[in-house]
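Peer 1: To start, I am sharing the structure in question, which I have written as structure tokens.
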Amino acid sequence: MPASSLKPDIAIIGGGIVGLWTAYYAGLSGQSVLLINKEELGRGASYGLLGALMPHQPINWNDKKQFQLDGLTTLPDQIANLQMRSEVDCGYFRCGRTMPIANEEKRKQSATWARGAKEHWVSPFDWSVQDKNPAEGWLSDTGSHGYNTDDLSARINPRGIIKALTVMMATFDNVTILARTSVDSIENTAAITLEDGTKIQPGKTIITAGFESFGLIKAITNRSLGWGVKGQAALLKPEQEINVSAPILYDGGTYVIAHEDGNIAVGSTSEREFTNGTQTDEKLDQIIASATALCPALEGAKVIERWAGIRPRAAGRDPLIGMLPDAPDVIVATGGFKITFAIAHIMARCALSATAGQIDAIPESFLVESHLSEA
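Position one of the sequence shown corresponds to residue 1281 (our numbering), numbered consecutively onward.
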């Protein structure tokens, strides 16, 4: 490693989707960057299969929901620019979403959600409630009380965008990559000691290490600000060719997503308790069965990959972004949990702004101080 890399302007710990966006923007800005990842870049929870980009229910509006809406509406331009620079297809498409309505209570709630979308979402995006199945042949006729649809939801190929960002890392003369490298400790001065004893003295350190961020933060704050939640998903090859523009299907925690290559991703579990974070089990079999009941196109489909990973969930549920108290040169950006791919690019920009002491764009509930009060 060049001696200059021992004193970068910014060290980024964690090369998942948030860390890669952060390194990408920092690289474009001309700052010297050291990106450290314990595995190959992007091989953690970011290397999953689903790629669902779905808005929260548009009621009880708050800063978190606005932050996610901003992410969903600004991501297409960022993806287009990234694809142009990297010449890698990210598999992005605004396909919309369809959800069956199971009972009268949900039907009444659905009308409230539709009104909320008109109030809070930006034009031309809409939430509608329909009586007839809007995706016959793709969605089973399971909506005994109708169907919710929105045209804001989108899908992305997680591995496609990881590849695009990774390709970009190699184009930056000012970005150094340390893959397969573990961090032993971080001091409140932002100094880093690697597992082999190497000392790094960056101007600022940004922690974007997914669920492992919480252990690194605890060593500085002596507080636990989050944990890992296991998720399982699968990729299936259908017997018949599908419409790759089909909407995301969602019902009771089950996702069905048609991807650009004609395969279908399904998921996902949400497990607080687990013994092996990367091993699949019968819970995934149950998800596949639920997905097949939801989507007739999955009948007879061949499972071509089973996947499991650990996603970061911050205490208080909101993402965790900002400077650590008593360690202003150490910034964290993690805890996006299920919405990370929709907001990772904004999380990255917020983290970089925080290196200059600018936190105005970060919702108050995302700040470290807010999470400390809830931990």
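Note that CB positions come from ideal geometry on N, CA and C, so glycine has one too. Only a predicted model underlies this, so the values are computations on that prediction, with no experimental measurement involved.
Here's a check: name, in chain order, each residue in its chain whose Cβ is nearer than 8 Å to the Cβ of Pro-1438, leaving out the five neighbours to either side.
Peer 2: Ile-1297, Ser-1326, Tyr-1327, Gly-1328, Leu-1329, Leu-1330, Gly-1331 and Phe-1621.
Peer 1: Let's see if you can read the secondary structure: which residues bound the alpha helix (DSSP H) around Ala-1577?
Peer 2: It is not in any alpha helix (DSSP H) - Ala-1577 carries neither H nor E in the DSSP assignment.
Peer 1: Could you say which of Gly-1589, Ala-1306 and Met-1379 lies nearest to Ser-1420 if we only look at CA atoms?
Peer 2: Measuring from the Cα of Ser-1420, the nearest candidate turns out to be Met-1379.
Peer 1: Tell me where the beta strand (DSSP E) around Asn-1428 begins and ends.
Peer 2: Element bounds for Asn-1428: 1427-1430.
Peer 1: So Arg-1591 packs on Gly-1511, CB below 8 Å; how close in whole Å?
Peer 2: Yes, Arg-1591 and Gly-1511 are in contact; Cβ-Cβ is about 6 Å, under 8 Å.
Peer 1: With H, G and I counted as helix, E and B as strand and the rest as coil, what does DSSP make of Leu-1355?
Peer 2: Leu-1355: helix per DSSP, three-state reduction.
Peer 1: Run through the DSSP bridge pairs and tell me what Ala-1382 is partnered with.
Peer 2: DSSP output for Ala-1382 lists no bridge partner at all.
Peer 1: Could you name the residues of the same chain whose beta carbon sits closer than 7 Å to that of Pro-1414, not counting the 5 residues immediately before and after it, in chain order?
Peer 2: Closer than 7 Å at Cβ, skipping near neighbours: Thr-1378, Tyr-1427 and Thr-1429.
Peer 1: Across the segment 1488-1498 and the segment 1533-1551, are there enough close Cβ pairs to call them in contact, namely three or more that are closer than 8 Å?
Peer 2: The segment 1488-1498 is not in contact with the segment 1533-1551.
Peer 1: Measuring only the C-alpha atoms, how far is Val-1447 from Cys-1370?
Peer 2: For Val-1447 and Cys-1370, the distance between alpha carbons rounds to 12 Å.
Peer 1: Among the residues of its own chain, which have a CB less than 8 Å from the CB of Ala-1470, if the five just before and after it don't count?
Peer 2: Hits under 8 Å: Ala-1291, Gln-1481, Pro-1482, Gly-1483, Lys-1484, Thr-1485, Ala-1607, Asp-1609 and Val-1610.
Peer 1: Here's the rule I'm using: 16 or more other beta-carbon atoms within 10 Å means buried, otherwise exposed. How should Val-1455 be labelled?
Peer 2: Buried: at least 16 other Cβ atoms inside 10 Å.
Peer 1: Does the segment 1563-1575 come close enough to the segment 1341-1359 that 3 or more CB-CB pairs lie under 8 Å?
Peer 2: Contact fails: fewer than three Cβ-Cβ distances are below 8 Å.
Peer 1: My guess is that Arg-1593 and Phe-1617 are in contact by the Cβ rule of under 8 Å, so how many angstroms apart are they, rounded?
Peer 2: Arg-1593 to Phe-1617, Cβ: 5 Å. Contact.
Peer 1: Within the same chain, show all residues whose beta-carbon is closer than 6 Å to that of Gln-1311, passing over the 5 residues directly before and after it, in chain order.
Peer 2: Excluding sequence neighbours, Gln-1311 sits near Asp-1289 and Ile-1290.
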